[in-house]
Structures are given as C-alpha cells and as structure tokens.
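Contents: one structure, followed by commentary.
There are 2 protein chains.
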Amino acid sequence: MKEEEFSEWYHRMLEENNIVDIRYSVKGMPVYRGFAMFIIREMQRYLESLLEENGHEPVYFPGVIPEDTLGRESEHIAGFEDQVYWVTHAGKTPLERRLALRPTSETSMYEMFSLWVRTHSDLPIKIHETVSVYRYETKHTRPLIRSREFLWNEGHTAFAMREEALRNIEEIKLIYTKLINDLLCIPILINQRPDWDKFPGAEYTIAFETLMPDGRTLQVATIHNLGQHFSKVFNIVYENEKGEKNLAWQTSYGPGFGRLLAAVIGVHGDEKGMILPPKIAPTQVVIVPVLFKNADNQQVIDYAKKIEETLTKKGVRVKVDYSDEHPGAKYYRWERQGVPVRIEAGPRDLKDNKIVVARRDTGKKEVIRLESLDISRLFDEIADNMREKAKKKMESKTYKVKTIDELTKRVGEGIVEAGWCGEKDCAKQIDQVGTILSITEDQHECATCGGRGRRIIVAKTY
Amino acid sequence: MKEEEFSEWYHRMLEENNIVDIRYSVKGMPVYRGFAMFIIREMQRYLESLLEENGHEPVYFPGVIPEDTLGRESEHIAGFEDQVYWVTHAGKTPLERRLALRPTSETSMYEMFSLWVRTHSDLPIKIHETVSVYRYETKHTRPLIRSREFLWNEGHTAFAMREEALRNIEEIKLIYTKLINDLLCIPILINQRPDWDKFPGAEYTIAFETLMPDGRTLQVATIHNLGQHFSKVFNIVYENEKGEKNLAWQTSYGPGFGRLLAAVIGVHGDEKGMILPPKIAPTQVVIVPVLFKNADNQQVIDYAKKIEETLTKKGVRVKVDYSDEHPGAKYYRWERQGVPVRIEAGPRDLKDNKIVVARRDTGKKEVIRLESLDISRLFDEIADNMREKAKKKMESKTYKVKTIDELTKRVGEGIVEAGWCGEKDCAKQIDQVGTILSITEDQHECATCGGRGRRIIVAKTY
Chain Z
1 MKEEEFSEWY HRMLEENNIV DIRYSVKGMP VYRGFAMFII REMQRYLESL LEENGHEPVY
61 FPGVIPEDTL GRESEHIAGF EDQVYWVTHA GKTPLERRLA LRPTSETSMY EMFSLWVRTH
121 SDLPIKIHET VSVYRYETKH TRPLIRSREF LWNEGHTAFA MREEALRNIE EIKLIYTKLI
181 NDLLCIPILI NQRPDWDKFP GAEYTIAFET LMPDGRTLQV ATIHNLGQHF SKVFNIVYEN
241 EKGEKNLAWQ TSYGPGFGRL LAAVIGVHGD EKGMILPPKI APTQVVIVPV LFKNADNQQV
301 IDYAKKIEET LTKKGVRVKV DYSDEHPGAK YYRWERQGVP VRIEAGPRDL KDNKIVVARR
361 DTGKKEVIRL ESLDISRLFD EIADNMREKA KKKMESKTYK VKTIDELTKR VGEGIVEAGW
421 CGEKDCAKQI DQVGTILSIT EDQHECATCG GRGRRIIVAK TY
Chain D
463 MKEEEFSEWY HRMLEENNIV DIRYSVKGMP VYRGFAMFII REMQRYLESL LEENGHEPVY
523 FPGVIPEDTL GRESEHIAGF EDQVYWVTHA GKTPLERRLA LRPTSETSMY EMFSLWVRTH
583 SDLPIKIHET VSVYRYETKH TRPLIRSREF LWNEGHTAFA MREEALRNIE EIKLIYTKLI
643 NDLLCIPILI NQRPDWDKFP GAEYTIAFET LMPDGRTLQV ATIHNLGQHF SKVFNIVYEN
703 EKGEKNLAWQ TSYGPGFGRL LAAVIGVHGD EKGMILPPKI APTQVVIVPV LFKNADNQQV
763 IDYAKKIEET LTKKGVRVKV DYSDEHPGAK YYRWERQGVP VRIEAGPRDL KDNKIVVARR
823 DTGKKEVIRL ESLDISRLFD EIADNMREKA KKKMESKTYK VKTIDELTKR VGEGIVEAGW
883 CGEKDCAKQI DQVGTILSIT EDQHECATCG GRGRRIIVAK TY
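In order, the protein sequence lines correspond to chains Z and D.
Position one of the first sequence corresponds to residue 1 (the numbering used here), numbered consecutively onward.
Position one of the second sequence corresponds to residue 463 (the numbering used here), numbered consecutively onward.
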C-alpha cells in the first residue's frame with residue numbers, strides 16, 4: 001500500500017471507529033476514546049499478569065522528576081533534554097527546582113533504589129508501572145504512533161549479578177513476544193539496535209518491531225541493558241556475603257500501548273476496515289437477526305436473544321444489532337469495526353436451531369447448528385489464522401539485497417537485509433535511503449563499496 | 463486514639479508494610495510500592511466494572527490542560543488557580559500557552575463534549591478514567607491522605623434532561639457505596655456539603671466520608687451536580703426532536719484511591735497492625751508450617767504444600783512461610799500486614815488432615831479438618847464482621863449535642879450533630895471548633911444562640 005493511501009485509511013479508521021480524537025487543544029496529545037481504552041486495558045492486564053508471574057511488583061512513581069535527579073546520568077539527560085516538558089510554577093509561586101514531566105522513569109526510580117538496596121538480600125528488584133509519559137516530539141506527530149504523551153508500561157530492575165540481568169532480558173523477550181505475537185497476533189523482528197541508536201544511558205538496546213502496510217517498520221517495544229551506568233551515578237550498591245560492596249546490574253524495558261494498537265490496526269486491517277484478534281476485541285461476536293419490514297419478527301428476536309444468552313454465559317462479549325438498517329449496512333459497520341465473528345439468524349434458521357457464522361478474518365460463511373458452535377475454538381482458529389497470515393505477509397516483504405541500487409529500490413517496500421563494511425562514508429549512503437535497524441554478526445559484503453562487512457537490516461521507520 | 467498516637471501508628475504501618483515511601487525528592491509526592499498498588503488496583507478494577515455495567519466507557523484524556531481551557535468557567539478556575547502546577551517550557555522552548563497539570567478533568571473533557579454532542583441521540587455521555595491528578599497543597603501533606611499528586615477515578619457525564627442527571631447521582635451513590643462499604647467494609651456518611659464548601663463550578667456537592675481513629679473525618683469520594691454551569695461556557699448543546707437547542711445537564715464524581723487505602727488502614731487496624739478485607743488483601747491466607755529444629759520436617763512441609771495447592775486451585779492468594787524464624791515472630795509479621803487468615807499446620811495435625819485456622823479480625827483460632835474449610839464462606843464471614851464492627855464503632859462515636867460547650871467537647875472525638883440558626887456570627891463560633899460538613903433539612907436549635915435553626919453535622923476533618 002502506498003504511503004498516502006495507508007495514511008488516509010489509517011486516519012479514517014481512527015475517526016470512524018471512535019478510537020482517538022485528535023481535536024484536543026494540545027497538539028500531539030489525542031484523546032483515547034472507549035474503543036481504544038478497552039483494547040489497551042486488555043493488553044495492559046495481560047502484560048501485567050505475565051510480569052507479576054515473573055516476580056515483578058506493581059508500583060506507582062510520581063509523574064514529575066526534579067531537574068537535578070533527571071540530570072544525574074549525563075548520556076541520559078543529553079538524550080532527553082530537548083524533549084522534556086518543564087513545570088516551573090505551582091499556583092503563582094515559582095518552584096525552587098524545575099520539575100520534568102516524566103519522559104521515562106529510570107532516574108526517579110533509581111534514586112529510590114539506592115535507598116532500598118543495602119545487602120544482596122534486597123536484590124533482585126523487579127518492578128513495573130503502567131503510566132503516561134511526555135516527550136516533546138519535534139518530528140511530525142501521528143496519533144497512537146508518535147504523540148507527545150503516550151501510555152506505556154515500564155519495567156525496571158536491579159540485580160546482584162550481570163548474568164541475572166542477562167537472564168531477565170531473555171525472560172522479558174519471551175513476555176513481550178507473548179503480548180505481541182500470542183495476544184495481538186503481530187509478527188515481530190527482535191533486533192539489537194546499532195550503538196548510535198541505543199537508549200541514552202544504556203549499554204545496548206533491543207528493539208521489537210513490526211511492518212506496517214506502507215512498508216515502514218514500527219518499533220513497539222524496547223529492552224535496555226543498562227549495565228552499571230545508572231547504579232554508578234545513583235549509588236545502587238549492595239554488600240555481598242563476604243562483606244564486599246558492589247554496584248547493581250540493571251535493565252529497563254517497555255512496550256508502548258498506543259503503538260501496539262496502531263500495529264493491530266495496520267497489520268491486520270484490510271480494505272473493509274479493521275480486523276481484531278478475538279481476545280482483545282471490545283465486541284467479540286455481533287448477532288444480526290434477519291428482520292423483515294411489516295412482519296412479525298418476535299420469533300427471530302427471541303432466537304437472537306437465546307444465542308446472545310448462550311454466548312454471554314460463556315463469557316463472550318456479544319452485541320445484538322436490532323437497528324432497522326439494511327443488513328448490508330449493518331455488516332459494513334461491524335466489519336469496519338473489526339468484530340471477529342458475525343452470527344446471522346433469520347426465520348428459516350430458527351426452526352432447525354441453525355445459525356450463519358461469518359468470520360471477519362477470512363470472510364467465509366458457514367451454516368451450523370447453534371449447539372455445535374465451539375466459540376473458544378473458533379476464536380483460537382481465527383487468532384491462529386491472523387497470526388499466520390500476518391507472518392507470511394511480513395516474510396514476503398523481507399528482501400535480501402547486494403547493492404545500494406537494490407537497497408534503494410526495496411527500502412520503503414519492507415525489511416531489507418544488506419551488508420555494510422563498517423565505514424562511515426558507506427553508512428552515509430545507506431542512511432540516505434533508510435535506517436539501519438541492526439548490525440548482525442553474520443558476514444555480508446558491503447552494499448556501498450562491496451568490501452567485507454556484516455549483515456545489516458535496513459528499513460524506513462516510523 | 464489520640465491524634466499523635468494515631469499519626470505515629472499510621473506512619474509506622476506505611477513504612478513497615480512497604481505501602482508508600484515518602485523519601486522521594488518531591489515533597490508531598492510519595493512512591494506507591496507493590497503492596498499499595500495491588501490493593502489500589504483491586505479497588506480500581508471493582509469500581510471500573512461497576513461503572514461499565516452502568517454504561518460508562520473508559521477513556522484517557524491528556525494530562526495537561528491549556529490555560530485558556532482551564533480558565534473558561536470562572537468559579538472553577540478561581541477554586542483551582544492557587545493549586546495548579548504549570549508547564550511553561552518544552553525542551554529549551556518557552557510554550558506559547560502555559561499548560562496546567564490536570565487538577566481534575568472537567569474542562570479538558572467538556573471542551574471535547576461540545577464537539578461530540580449535536581443532537582439528543584449523542585446523549586447521554588458517561589465516561590470515566592483512572593489517572594493521577596496534581597494539586598499544589600499548601601496545607602500539611604500526609605501520605606495517601608493529602609498529597610500533591612494523587613490517584614483517582616473520575617467520572618463525567620452529559621444528559622439531555624435534568625432528571626437523568628439526578629438519577630445518575632443516585633446510581634453513583636450506590637456504586638460508591640458498593641466500593642466503600644461492600645468491598646472495603648468501611649462505614650460511610652453521605653452528606654451534601656454546605657454551599658460554601660462545594661466543588662468550584664458545581665450546583666452542589668455530595669461527599670462520602672468515614673471516621674478515622676483519631677476522631678477526624680476523612681472525605682473519600684465526592685459527586686458534583688454541575689447543572690448547566692459548564693455546558694453553558696463550553697457550549698455543550700443538543701438539538702431535541704422538535705429542533706430546539708438545549709444545554710446539556712452534567713455531573714462529575716470521583717473517589718480517591720489513596721484516601722480509600724488510608725481509610726482501610728485506619729478504620730480496620732488495631733494495636734497489632736493492619737486488618738485487610740479478604741477481597742483486596744494481596745495475601746489472603748498465610749500458611750505457617752510448624753517446623754522443629756534438628757527434626758525431619760519434610761512431612762509437615764509436604765502437608766503445607768498440599769494446603770497451598772488446595773487453596774490456590776480455588777483462586778486464593780496464598781503464601782507459605784518457610785522462614786526459620788520463631789513462630790511468634792512469624793505471626794507478628796503477618797498480623798501486622800493484615801493477612802485475613804493464618805493456617806498453622808504441625809506434625810500432629812497432618813495425621814488427621816487437620817489445620818488450625820486463625821482469623822486476623824477476631825483473633826480466634828479453630829481446629830478443623832482441611833476438607834471442611836469453606837474458604838469463600840470464611841472470607842464472607844470475616845468481611846461481614848469487619849463491616850459490622852466498623853459500623854458500630856462509627857455509630858458509638860456519633861454524638862448529638864445541644865450547646866456550643868458540648869460541641870467543643872465532642873468535636874475531635876467523632877461526628878457531632880448540632881444545630882445552627884443560619885447566622886454568620888453563630889457559624890464563626892462553630893467553625894472555631896470544627897467543620898460544618900452538612901446542613902440538613904431537620905429543625906434543630908442553634909448551638910450558639912439557641913435560636914431556631916437546622917440540624918448540622920460537625921467534625922474535625924482531614
């Protein structure tokens with residue numbers, strides 16, 4: 001799909017399905033409406049329960065960070081200082097110290113970690129919070145994708161040993177993969193970012209991204225190995241069994257819920273509208289009774305209610321569409337909203353206890369008996385199909401190229417694997433066409449100079 | 463309990479049980495730790511599901527409000543302008559318009575309502591969000607009770623008819639009563655505030671409060687009838703069936719989660735520590751296996767695991783305390799944390815499949831067979847007892863007085879019913895000893911001058 005075409009479709013989805021309202025009077029800060037918040041809350045609860053099973057505790061840290069706290073780690077503040085919103089007054093009183101709206105919470109949290117950690121028995125610390133963060137983006141903002149306030153979950157840790165921090169990173173990779181791929185059916189690339197593109201203050205950053213229909217990649221989550229950078233400046237020190245004092249090893253990570261929602265809309269949608277994975281759909285099944293004008297529809301209405309009751313009892317989120325619109329108009333509206341399953345039931349069906357089951361993901365219709373409807377299996381089948389379809393689409397848009405000309409041609413269509421020798425001059429040419437997402441360990445000749453190099457992953461990014 | 467005594471006990475509870483940490487470097491903004499956030503999240507989910515069953519949609523509105531939007535309703539801004547934190551810069555750039563950290567969201571939301579409402583079919587609007595709000599308190603701050611950032615849920619509505627707004631107020635009264643009294647077992651007074659104490663911009667305010675052990679009342683939630691004050695200035699206008707344009711009728715409301723948690727701690731606690739209602743306790747049952755030094759404890763450990771498994775299967779949040787502390791030390795620690803049920807199991811119990819069940823609320827111990835433990839019934843009994851006990855305590859601290867001397871004596875001990883003639887001079891004397899929480903419709907002679915007046919409710923407040 002072309003860029004403008006996708007952009008137009010995407011904004012139409014956001015508006016017609018009441019997802020966000022971009023007319024709020026602060027630019028770059030949209031209002032999240034019921035539909036969006038329902039889905040985001042499903043993601044949030046799923047993620048929080050995985051993190052807590054893994055030993056994380058939920059916390060809430062203040063939304064503002066004093067200037068001196070935010071500034072303690074020099075790379076960190078250098079990375080964020082242009083993006084920070086500053087509170088300078090309370091009422092009519094100027095504040096003694098400026099307060100930053102949290103752009104991320106490493107500094108506020110680690111100030112407290114240094115109070116919480118004394119001996120090895122105070123470790124590990126694994127905490128998470130779901131909050132909004134504020135970053136004054138100077139790039140073009142896009143609702144859910146790049147906004148000046150966004151909703152995320154951030155996890156933060158401190159460990160006694162480096163190996164524990166590394167194991168934690170592997171565990172979080174699995175947890176985020178469950179969230180993104182299992183729950184949301186979105187295929188992901190997991191890559192270590194080039195050194196120049198890591199989180200300010202980290203040793204390295206691992207990014208999760210998916211491919212949007214316009215050929216750009218969208219980063220939806222990151223994990224940072226912070227090493228001992230922050231524990232050093234915040235003095236997070238523990239005493240081990242031998243009485244020796246050591247710095248803690250730290251990691252931090254977070255997925256953005258707005259970007260995940262944008263990915264759900266973009267990755268799964270089609271020309272008819274959105275397609276939602278059953279587990280997160282605000283309405284999982286819509287029942288459309290086939291009603292006739294000037295006829296006694298009571299039996300059909302009763303039958304629809306019976307179907308509704310059967311499903312509600314199973315914990316399914318159901319709606320019945322009694323409106324007097326034309327069936328085609330009803331189908332159009334529910335399809336656009338991405339409702340995974342539509343059940344049609346008319347006067348002829350109810351005699352044999354039959355229903356018509358229409359799947360949003362395949363568009364297929366099937367007539368079955370009501371009692372043979374295994375809804376949770378159907379939901380699983382839909383999710384499996386969506387996951388598989390999205391994966392194949394992303395694979396089909398992954399290209400391996402040798403030359404800068406091929407690279408130039410393919411970048412913008414999808415994810416491109418090329419080579420780079422490591423020289424700045426060669427990187428400059430690559431940078432002009434796309435972003436180097438990752439530099440792998442594999443050998444690959446340089447797309448620019450043809451010299452020996454390593455395999456890189458390049459794409460246009462959001 | 464005396465004021466200083468309670469204050470000392472309360473702060474000890476917060477610290478020893480890891481509820482909040484007040485050492486964060488912004489005064490009046492504590493860090494909520496895992497224990498607090500678990501309980502707050504239980505409250506939040508319970509409340510959100512009640513609100514959504516009632517037709518509310520979850521939303522998320524930006525955390526900042528432009529100065530001109532916040533200032534549109536004159537009473538509203540007059541009430542909040544001294545308390546607002548102002549964002550003035552983004553990075554190094556001064557902002558064109560100052561942005562307020564939301565002290566409450568009427569203005570940001572109603573700006574959007576005016577875009578969302580065109581005809582009567584766009585009404586009612588019923589939305590809610592769980593967010594943090596910021597108010598620069600000049601009074602003495604107290605963790606969970608009065609802080610400069612606090613977590614709440616705020617509900618906002620717009621209706622076509624005044625009667626609908628009034629019915630909504632009654633529905634919210636029931637919902638908040640369920641949250642506070644059913645879930646948290648806290649007795650409440652529901653009173654309309656005197657006119658001088660209403661929410662800035664409201665027609666009137668209804669407050670929910672409970673009584674703390676030091677004799678002060680704590681306001682935990684409010685409901686505001688906004689009439690057409692905000693719909694007028696924000697131009698929330700709908701066209702009815704006849705084509706006439708009318709202003710919408712509005713309400714807003716919110717409980718504070720920090721204050722509710724403070725009430726749970728204060729209302730139910732005793733000299734041993736906290737007592738938590740089973741439904742919200744992070745740990746609902748602690749199993750203490752009776753272990754002996756230099757003995758083979760394997761059978762007892764296996765038995766404890768069996769009990770744990772039995773309860774976990776029923777969805778109970780259980781912990782087993784395998785630590786090698788003295789049993790007394792273990793009991794002390796778990797009692798202080800308010801765990802509702804402790805199960806002890808030693809070598810003699812396991813032969814007959816017996817357990818010792820100790821209730822935190824009554825302190826009673828009972829030996830029963832494991833298979834006869836009906837845990838959900840036990841939880842209900844505990845909650846019922848806690849609710850009843852707290853109610854009786856509040857009733858026993860409710861006084862009816864006739865004179866200003868009696869009022870002076872009783873205020874500070876609890877809730878006092880007195881009389882007031884309506885004259886300012888008489889109110890001044892009453893104000894010197896306590897706060898008039900409400901003026902009822904009942905007749906009652908004035909405590910100050912003895913003249914004809916109405917019954918008032920007076921207390922020392924937080």
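Glycine residues also receive a C-beta, built at the ideal position from the N, C-alpha and C atoms.
Here proline 278 (chain Z) carries a helix assignment [DSSP, helix/strand/coil]. Take valine 84 (chain Z), set aside five residues on each side of it, and the residues of its chain with a beta-carbon closer than 6 angstroms to its own are Ala100 and Pro103, in chain order. In terms of beta-carbon proximity, glutamine 545 (chain D) lines the interface with chain Z, with at least one pair separated by less than 8 angstroms. When Cβ-Cβ separations below 8 angstroms define contact, histidine 551 (chain D) makes contact with chain Z. Nearest neighbour of lysine 704 (chain D) by Cα position, chosen from D:Val873, D:Thr581 and D:Ile668, turns out to be D:Thr581. Under the three-state reduction of DSSP output, isoleucine 65 (chain Z) falls in the strand class. Within chain Z, the residues Met112, Leu115 and Trp116 have their CB atoms less than 9 angstroms from the CB of aspartate 483 (chain D), given in chain order. At a cut-off of 8 angstroms, the C-beta of tryptophan 86 (chain Z) has a neighbouring C-beta in chain D. Sequence-distant Cβ neighbours of tyrosine 765 (chain D) in its own chain, meaning closer than 8 angstroms and more than five residues away, are Pro751, Ala807, Asp811 and Leu812.
Residue pairing by DSSP places glutamine 654 (chain D) opposite D:Ile668 in a beta bridge. About 6 angstroms separates the Cβ atoms of phenylalanine 612 (chain D) and glycine 718 (chain D), confirming a contact at the 8 angstroms cut-off. Close partners of phenylalanine 754 (chain D) in chain Z (Cβ separation under 8 angstroms) are lacking, with about 25 angstroms as the shortest Cβ gap. Counting the other CB atoms within 10 Å of its CB gives leucine 636 (chain D) a total below 16, which places it among the exposed residues. If you draw a straight line from the Cα of aspartate 270 (chain Z) to the Cα of alanine 710 (chain D), it is about 39 angstroms long. Between lysine 775 (chain D) and chain Z, the shortest Cβ-Cβ separation is not below 8 angstroms. Beyond the five residues adjoining it in sequence on each side, tyrosine 508 (chain D) comes within less than 7 angstroms, by CB distance, of Leu641 and Leu645 in the same chain, given in chain order. Pairing cysteine 185 (chain Z) with alanine 358 (chain Z), the inter-Cα distance amounts to about 20 angstroms.
Apart from the 5 residues on each side of it in sequence, isoleucine 685 (chain D) sits with its Cβ closer than 6 angstroms to the Cβ of Ile631, Ile634, Ile668 and Tyr715 in its chain, given in chain order. For proline 347 (chain Z), the uninterrupted alpha helix (DSSP H) segment begins and ends at 347 to 351. No Cβ-Cβ contact shorter than 8 angstroms links valine 64 (chain Z) with tryptophan 548 (chain D).
An exposed status is given to glutamine 298 (chain Z), since fewer than 16 other beta-carbon atoms sit within 10 Å of its beta-carbon. For phenylalanine 234 (chain Z), there are no C-beta contacts with chain D under 7 angstroms, since the nearest C-beta of that chain is about 12 angstroms from it. With respect to the 8 angstroms criterion, glutamine 712 (chain D) and threonine 860 (chain D) are not classified as neighbours on the basis of their beta carbons.
The beta carbon of leucine 99 (chain Z) sits closer than 8 angstroms to some beta carbon of chain D. Residues of chain D with a Cβ closer than 8 angstroms to the Cβ of arginine 33 (chain Z) are, in chain order, Glu519 and Val521.
Proline 740 (chain D) sits away from proline 649 (chain D), with the two beta carbons spaced by 8 angstroms or more. Using beta-carbon distances, threonine 531 (chain D) counts as an interface residue toward chain Z, with a partner under 8 angstroms.
Secondary-structure assignment with DSSP links lysine 816 (chain D) through a beta bridge to D:Arg831.
Counting only runs that start and end inside the segment 701 to 740 of chain D, the alpha helix (DSSP H) elements of at least 4 residues fall at 719 to 730. Assignment of beta-bridge partners to lysine 489 (chain D) by DSSP yields no partner. Residues of the segment 263 to 288 of chain Z whose Cβ lies closer than 7 angstroms to any Cβ of chain D: none. Its Cα nearest to that of threonine 138 (chain Z), the residue D:Lys554 stands out among D:Glu465, D:Lys554 and D:Glu470.
Proline 66 (chain Z) and tyrosine 136 (chain Z) have their C-alpha atoms some 17 angstroms from each other.
One finds Pro58 in chain Z with Cβ atoms closer than 7 angstroms to the Cβ of phenylalanine 500 (chain D), taken in chain order.
If you ignore the 5 residues before and after lysine 460 (chain Z), its C-beta comes within less than 8 angstroms of the C-beta of Gly215, Arg216, Thr217, Val411, Gly412, Gly434 and Thr435, all in its own chain and listed in chain order. With a cut-off of 8 angstroms on Cβ pairs, the segment 652 to 659 of chain D is not in contact with the segment 846 to 857 of chain D, counting fewer than three such pairs.
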